[in-house]
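Trainee: One structure is given below, represented as structure tokens, and several questions about it will come after.
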Amino acid sequence: MSFDAAFDAARRPSQLTASRVQPVRALRALRRLVADKDDTEQVFEIMNALAGRSPDWGYSRLLQTPEGGLQAYRRQELADRLQDRAWLDQFADGTVGAAYRGFIDAQDFSAYGLADESRKIADSEIEAAHPRAWFARRVRDVHDIWHVLTGYEADALGEACLVAFSLPQTRSPGFGLIASGIAVQFMRARTGYPCARAVFQAWRDGRRAAWLPGEDYERLFAEPLDVARRRLKIPTPTLYQRVPPSVRNAYQGGKG
Numbered sequence: 367m368s369f370d371a372a373f374d375a376a377r378r379p380s381q382l383t384a385s386r387v388q389p390v391r392a393l394r395a396l397r398r399l400v401a402d403k404d405d406t407e408q409v410f411e412i413m414n415a416l417a418g419r420s421p422d423w424g425y426s427r428l429l430q431t432p433e434g435g436l437q438a439y440r441r442q443e444l445a446d447r448l449q450d451r452a453w454l455d456q457f458a459d460g461t462v463g464a465a466y467r468g469f470i471d472a473q474d475f476s477a478y479g480l481a482d483e484s485r486k487i488a489d490s491e492i493e494a495a496h497p498r499a500w501f502a503r504r505v506r507d508v509h510d511i512w513h514v515l516t517g518y519e520a521d522a523l524g525e526a527c528l529v530a531f532s533l534p535q536t537r538s539p540g541f542g543l544i545a546s547g548i549a550v551q552f553m554r555a556r557t558g559y560p561c562a563r564a565v566f567q568a569w570r571d572g573r574r575a576a577w578l579p580g581e582d583y584e585r586l587f588a589e590p591l592d593v594a595r596r597r598l599k600i601p602t603p604t605l606y607q608r609v610p611p612s613v614r615n616a617y618q619g620g621k622g
């Protein structure tokens, strides 16, 4: 039995009905996240509290395209593939796969690490044996790939920009709350740089880009990064790049 099959067998069945939106719970988690941007558990607390019907919308859209339908049919667990170091090491310099490998190595990140954080939310059904739960895991697992595709780093401003980009891609209100909350913190910090504007630019770019959740990520990893960005209509994040790295964590909680 393959690892994927054994892992799937361990998942619990669920009806996975749309969850009740819990704004107070989300706001409390946002305060904790603002105090410490590295508290990834709070991101999943917010996303779970505000998920509503966004996984339904995303999964339905996935099925509306031939490529997305194929991904849903295969139902590959991206975290397992991304954790496979031998697979990652095959990608040549300049490809999306090589850029992703360099990103996670530099940050000491792992796909399983992100998945483990999501499992800390007691009432989350992200690990359920259900197609929409699989789609939610897919959105979770592509986060660091989107860092690479968009050019946003793992600093506080880069994370805010990436979740702003992710909002129109997923229609998940949690991304909007996180992006706006961090943007407000940068406005209060009065850095003199276009931090909040960079977050808005990221949201606008997310609206204009191709729909990334439906991509075949195994095939994408072999594609040259610059070619992939052009094909997916992902522009250079000019306002984010105008902010010096030393300023991108420049608010209380950003650890800059």
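Straight run, no breaks: the sequence shown in this note's numbering ends on number 622. All C-beta atoms in this analysis are idealised placements derived from N, C-alpha and C, irrespective of residue type, glycine included. Quick caveat, the model's predicted, so the values are computed rather than measured.
When you compare the CB positions of GLN449 and ALA472, do they come within less than 8 Å of one another, or not?
Mentor: Here the question's residue 449 lines up with position 83 in the sequence shown. Here the question's residue 472 lines up with position 106 in the sequence shown. No, they are not a contact pair.
Trainee: On the DSSP letters alone, give me the boundaries of the alpha helix (DSSP H) that ASN414 sits inside.
Mentor: Sequence index remark: in the sequence shown, residue 414 carries index 48 (1-based). 406-416 is the span of the alpha helix (DSSP H), which, as asked, contains ASN414.
Trainee: Based on the DSSP secondary-structure assignment, which residues constitute the bridge partners of THR461?
Mentor: Stepping through the sequence shown from its first residue, residue 461 is reached at position 95. Note: THR461 sits in a beta bridge opposite PRO590.
Trainee: Given SER426, which residues of its chain have a CB within under 8 Å of its CB, disregarding the five upstream and five downstream residues?
Mentor: As a first step, residue 426 must be located in the sequence shown, where it is residue number 60. The answer is none, since no qualifying residue turns up.
Trainee: Quick one: what's got a C-beta closer than 8 Å to SER490's C-beta in the same chain, skipping five residues either side?
Mentor: Residue numbering aside, residue 490 sits at position 124 when the sequence shown is read from its first letter. PHE410, ASN414, SER484, listed in sequence order.
Trainee: How would you label VAL593, buried or exposed, when you count the other beta carbons within 10 angstroms and need 16 or more for buried?
Mentor: Counted from its first residue, the sequence shown places residue 593 at position 227. Exposed, because fewer than 16 other Cβ atoms sit within 10 Å of the Cβ of VAL593.
Trainee: Which ranges would you report for the alpha helix (DSSP H) in the region 426-482 if only whole runs of at least 4 residues count?
Mentor: Correct list: 432-440, 444-448, 451-454, 462-473.
Trainee: Distance check for PRO432 and ARG614, CA to CA, integer angstroms please.
Mentor: Working through the sequence shown from its first residue, we reach residue 614 at position 248. Working through the sequence shown from its first residue, we reach residue 432 at position 66. Between ARG614 and PRO432, the C-alpha separation is close to 40 Å.
Trainee: Leaving aside the five residues before and after ARG506 along the sequence, list all residues of the same chain whose C-beta is less than 6 Å from its C-beta, in chain order.
Mentor: Position 140 of the sequence shown, counted from the first residue, corresponds to residue 506. The residues are SER484.
Trainee: One question on the structure: do GLN437 and GLY580 come within less than 8 Å of each other, judged by their Cβ atoms?
Mentor: Residue 437 sits at position 71 when you count from the first residue of the sequence shown. Residue 580 sits at position 214 when you count from the first residue of the sequence shown. Their beta carbons are under 8 Å apart, which means GLN437 touches GLY580 by this criterion.
Trainee: Go ahead and pull the three-state DSSP assignment for THR602.
Mentor: Translated into the one-based positions of the sequence shown, residue 602 becomes position 236. Coil, per DSSP.
Trainee: Of the choices GLN551, PHE566, ALA576, whose alpha-carbon is the least far from that of VAL529?
Mentor: Numbered from its first residue, the sequence shown carries residue 529 at position 163. Of the candidates GLN551, PHE566, ALA576, the one whose C-alpha sits nearest the C-alpha of VAL529 is PHE566.
Trainee: Is there at least one Cβ from chain C nearer than 8 Å to GLU433's Cβ?
Mentor: No chain C is part of this structure, which consists of one protein chain only.
Trainee: Can you give me the Cβ contacts of TRP453 inside the same chain, cut-off strictly under 7 Å, excluding the 5 residues immediately before and after it?
Mentor: As a working mapping, residue 453 is identified with position 87 in the sequence shown. Only ARG447 meet the Cβ criterion.
Trainee: Within the continuous alpha helix (DSSP H) that includes PRO389, where are the two ends?
Mentor: Here residue 389 is taken as the residue at index 23 of the sequence shown, counted from 1. First-last of the alpha helix (DSSP H) with PRO389: 389-401.
Trainee: From GLN381 to ALA458, what does the alpha carbon distance come to, in whole angstroms?
Mentor: Translated into positions along the sequence shown, residue 381 becomes position 15. Translated into positions along the sequence shown, residue 458 becomes position 92. Reliability fails at GLN381, whose pLDDT of 49 lies under 50, so the model's placement of it is uncertain and the value that follows must be treated cautiously. Rounded to the nearest angstrom, the two C-alpha atoms are 42 Å apart.
Trainee: Measuring straight from C-alpha to C-alpha, what distance separates ALA395 and ASP582?
Mentor: Translated into the one-based positions of the sequence shown, residue 395 becomes position 29. Translated into the one-based positions of the sequence shown, residue 582 becomes position 216. Straight-line Cα distance between these residues: approximately 33 Å.
Trainee: Which residue marks the beginning of the alpha helix (DSSP H) containing TRP577, and which one marks its end?
Mentor: Position 211 of the sequence shown, counted from the first residue, corresponds to residue 577. No alpha helix (DSSP H) holds TRP577; DSSP gives it neither H nor E.
Trainee: So, is VAL508 buried or exposed, given that buried needs 16 or more other C-beta atoms within 10 angstroms?
Mentor: As a first step, residue 508 must be located in the sequence shown, where it is residue number 142. Buried, since its Cβ has 16 or more Cβ neighbours within 10 Å.
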